[in-house]
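>
In the numbering used here, the protein residues as written are 927 to 1192.
1. Nearest to residue 1112 by alpha carbon, out of 1069, 1169, 1031?
2. Taking all protein chains shown into account, decide if residue 1117 is buried (16 or more other Cβ within 10 angstroms of its Cβ) or exposed.
3. Please give me, in chain order, every unbroken run of the beta strand (DSSP E) with length at least 3 that falls completely inside the region 964 to 1032.
4. Do residue 1085 and residue 1019 count as a contact pair if the criterion is CB distance below 9 angstroms?
5. Going by the DSSP bridge assignment, what does residue 1046 pair with across the sheet?
6. Just checking, does the region 1151 to 1162 make contact with the region 1007 to 1018 on the three C-beta pairs under 8 angstroms criterion?
7. Report the partner residues of residue 1159 according to the DSSP bridge assignment.
8. Look at the alpha carbon of residue 1186 and the alpha carbon of residue 937, and state the distance between them as a whole number of angstroms.
9. Near residue 1062, what residues of its chain come up, given a Cβ to Cβ distance below 7 angstroms and the 5 sequence neighbours on each side ignored?
10. Quick one: using the 10 Å Cβ neighbour count with 16 as the cut-off for buried, is residue 1130 buried or exposed?
11. Contact check, residue 963 vs residue 974 under 8 angstroms by CB: the rounded distance?
12. Give me the DSSP bridge partner(s) of residue 1053.
13. Return yes when the Cβ of residue 965 is within less than 9 angstroms of the Cβ of residue 994, no when it is not.
14. Is DSSP giving residue 1037 helix, strand or coil here?
15. Confirm, please, whether the CB-CB distance from residue 968 to residue 1181 is below 9 angstroms.
16. Tell me the rounded alpha-carbon separation between residue 1191 and residue 1047.
17. For residue 1201, which residues from the same chain have a beta carbon less than 6 angstroms from its beta carbon, with the 5 sequence-adjacent residues on both sides left out?
18. How many angstroms separate the CA atom of residue 1004 from the CA atom of residue 970?
19. Could you tell me which whole alpha helix (DSSP H) segments of length 4 or greater appear in the region 1067 to 1129?
20. Can you give the Cα-Cα distance for residue 1105 and residue 1060, rounded to whole angstroms?
21. Do residue 1143 and residue 1126 count as a contact pair if the criterion is CB distance below 9 angstroms?
22. Compare the C-alpha of residue 958 against each of 1119, 1168, 1177, 1145 and name the closest.
23. Closest to residue 1052 by CA distance: which of 1043, 1040, 1041, 1077 is it?
24. Out of curiosity, what's the CA-to-CA distance linking residue 1166 and residue 987?
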């Protein structure tokens, strides 16, 4: 069983259907944390489709991913876990944005890997921990501002250690991990609920191909630079190589859902 990272490159929507509420098409969320997550079945389906686009043989695809729809059911040689949120991007007053993590997001990941650094622990919800080369403070002030919240910033060697761990173990220089910031679990829970982007879109009339101005709908998306992790068990010969991109989730025709898959470096 191996740990893979999923790096979001363009806004990602993985939903569970329509819902009565402020957002018509929300993202799928874990029941107990309310964090966005990637359904393992959706990940498997997207990787299966990518293998087909790559010209892989049908018998190999069925062996790895299981039966095609309409065939007699049989288990594929590879299983995929849900994608668990590790890093959540958020706007900041300075430095453009921060990549938010929390003791819980890092701790869940650390249980699945070896050699993880010590987990940074903000002493309260008013604190944000950043690496020694990163600054979220408003110029001339002592407060850091992320979205609509103010924090007291503290520098932490443990944050630097985590940025290096993810960089050297998985993503290299392809993710802006110098923007890593660790907040309290309660703050992260608020961020994952309240700071997720929402777009309003027009429905397209299937008959004319023209926008139907009277059919607006709203969609939640996970922002680019978010990181998820997942467990893959079994044969991986048909999976994208580490650093390759594939398409995941909905609204792909609008350029959304491009994701990079990263395998742990040996």
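The C-beta atom is built at its ideal place from N, Cα and C for all residues, glycine as well.
Per the coordinate set shown:
1. To locate residue 1112, count along the chain shown from 1; it is residue 186. Comparing Cα positions, the closest option is 1031.
2. Stepping through the chain shown from its first residue, residue 1117 is reached at position 191. Residue 1117 comes out buried.
3. Along the region 964 to 1032, the beta strand (DSSP E) occurs as fully enclosed runs of 3 or more residues at 1004 to 1006, 1010 to 1017, 1023 to 1027, listed in sequence order.
4. As a working note, residue 1019 is residue 93 in the chain shown. As a working note, residue 1085 is residue 159 in the chain shown. The Cβ-Cβ distance between residue 1019 and residue 1085 does not fall below 9 angstroms.
5. Translated into positions along the chain shown, residue 1046 becomes position 120. Under the DSSP definition of a beta bridge, residue 1046 lacks any partner.
6. The region 1151 to 1162 is in contact with the region 1007 to 1018.
7. Position 233 of the chain shown, counted from the first residue, corresponds to residue 1159. Per DSSP, 1005.
8. One-based indexing of the chain shown puts residue 1186 at position 260. One-based indexing of the chain shown puts residue 937 at position 11. The alpha-carbon atoms of residue 1186 and residue 937 are separated by roughly 13 angstroms.
9. Along the chain shown, one-based indexing puts residue 1062 at 136. Taken in chain order, the residues that qualify are 1018, 1020, 1021, 1024, 1054, 1056, 1070, 1072, 1079, 1107.
10. Indexing the chain shown from 1 puts residue 1130 at position 204. Under a 10 Å Cβ-count criterion, residue 1130 is classified as exposed, with fewer than 16 other Cβ atoms of the shown protein chains found around its own Cβ.
11. For the purposes of this step, residue 963 is taken as the residue at position 37 of the chain shown. For the purposes of this step, residue 974 is taken as the residue at position 48 of the chain shown. Between the beta-carbon of residue 963 and that of residue 974 there is about 19 angstroms, and that puts the pair past the 8 angstroms contact cut.
12. As a working note, residue 1053 is residue 127 in the chain shown. According to DSSP, which records beta bridges pairwise, residue 1053 is partnered with 1078.
13. Counting from 1 along the chain shown, the entry for residue 994 is found at position 68. Counting from 1 along the chain shown, the entry for residue 965 is found at position 39. Contact flag unset, no.
14. Sequence index remark: in the chain shown, residue 1037 carries index 111 (1-based). Residue 1037 falls in the coil class under three-state DSSP.
15. Taking the first residue of the chain shown as position 1, residue 1181 is located at position 255. Taking the first residue of the chain shown as position 1, residue 968 is located at position 42. No. Outside cutoff.
16. Here residue 1191 is taken as the residue at index 265 of the chain shown, counted from 1. Here residue 1047 is taken as the residue at index 121 of the chain shown, counted from 1. C-alpha separation (whole angstroms): 27 angstroms.
17. Any question about residue 1201 goes unanswered here, given that the chain covers just 927 to 1192.
18. If you number the chain shown from 1, residue 1004 lands on position 78. If you number the chain shown from 1, residue 970 lands on position 44. Roughly 9 angstroms between the two C-alpha positions.
19. For the region 1067 to 1129, whole alpha helix (DSSP H) runs of length 4 or above, ordered along the chain, are 1083 to 1092, 1111 to 1120.
20. Reading the chain shown from its first residue, position 179 is the one you call residue 1105. Reading the chain shown from its first residue, position 134 is the one you call residue 1060. Taking C-alpha positions only, residue 1105 is separated from residue 1060 by approximately 7 angstroms.
21. The sequence position of residue 1126 within the chain shown is 200, counting from 1. The sequence position of residue 1143 within the chain shown is 217, counting from 1. It is a contact, given that the beta carbons lie within the stated cut-off.
22. As a working mapping, residue 958 is identified with position 32 in the chain shown. Closest option to residue 958, Cα to Cα, is 1119.
23. Taking the chain shown and counting its residues from 1, one reaches residue 1052 at position 126. Per the Cα distances, 1077.
24. Position 240 of the chain shown, counted from the start, is the residue given in the question as residue 1166. Position 61 of the chain shown, counted from the start, is the residue given in the question as residue 987. One C-alpha to the other measures close to 13 angstroms.
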